[in-house]
Amino acid sequence: MSVKIIIEPLAKRHLAQAAQLERECFSDPWSLEGLRAELTNPNARFLAAVSGEAMAGYLGLHAVCGEGYIANLAVAPAFRRQGVARALLRAGAEIAEKEKLEFLSLEVRTSNLPARRLYESEGYVHIGARPGFYTNPREDGEIYTKRFGGSL
Numbered sequence: 159m160s161v162k163i164i165i166e167p168l169a170k171r172h173l174a175q176a177a178q179l180e181r182e183c184f185s186d187p188w189s190l191e192g193l194r195a196e197l198t199n200p201n202a203r204f205l206a207a208v209s210g211e212a213m214a215g216y217l218g219l220h221a222v223c224g225e226g227y228i229a230n231l232a233v234a235p236a237f238r239r240q241g242v243a244r245a246l247l248r249a250g251a252e253i254a255e256k257e258k259l260e261f262l263s264l265e266v267r268t269s270n271l272p273a274r275r276l277y278e279s280e281g282y283v284h285i286g287a288r289p290g291f292y293t294n295p296r297e298d299g300e301i302y303t304k305r306f307g308g309s310l
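So the number in the numbering used here is just where the residue sits in the sequence shown, counting from 1, plus 158.
Next up, the structure:
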């Protein structure tokens with residue numbers, strides 16, 4: 159990793175930067191209010207990757223009935239290709255293992271090849287597609303899953 163980051167639970171002080179990051183990274187971003195609601199969601203586990211005063215990225219996952227879903231993974235353009243996404247994915251996997259989740263799954267745009275390669279390098283397996291999952295522009299979503307506890 160080329161940049162020094164600290165990964166910590168996403169808190170109120172991170173919300174404005176997380177909302178800005180959503181707008182920078184996604185064509186259909188979560189709102190500030192939506193992010194704020196996740197802070198009180200008992201199923202949500204949101205993490206911030208912080209470098210100094212800047213938010214380098216964040217990850218949001220939901221844990222329900224022994225299963226995990228990564229709803230958001232965003233890295234600020236200035237921090238890309240520096241290991242931030244990998245560090246966040248690994249921190250999410252640590253949560254999954256600690257909470258004894260059976261697996262983590264996520265969707266990614268078909269065209270996002272760098273992210274897909276990253277997920278595969280971290281042990282996520284492509285298990286299918288969701289036609290037309292994304293809008294603005296419309297695109298298929300590829301489903302990736304990483305299992306824990308030795309199950310395949």
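Ideal Cβ positions, reconstructed from N, Cα and C, are used throughout, including at glycine.
The Cβ-Cβ distance between I253 and L231 does not fall below 8 Å. Taking a C-beta distance under 8 Å as the contact criterion, L276 and L246 do not qualify as a contact pair. Judged by DSSP secondary structure, A234 falls outside any alpha helix (DSSP H); it is assigned neither H nor E. A169 and A195 have their C-alpha atoms some 11 Å from each other. Between the region 299-307 and the region 253-273 there are three or more inter-stretch CB-CB distances shorter than 8 Å, so the stretches are counted as touching.
For K162, the closest of A234, Q240, F184 and E225 by C-alpha to C-alpha distance is Q240.
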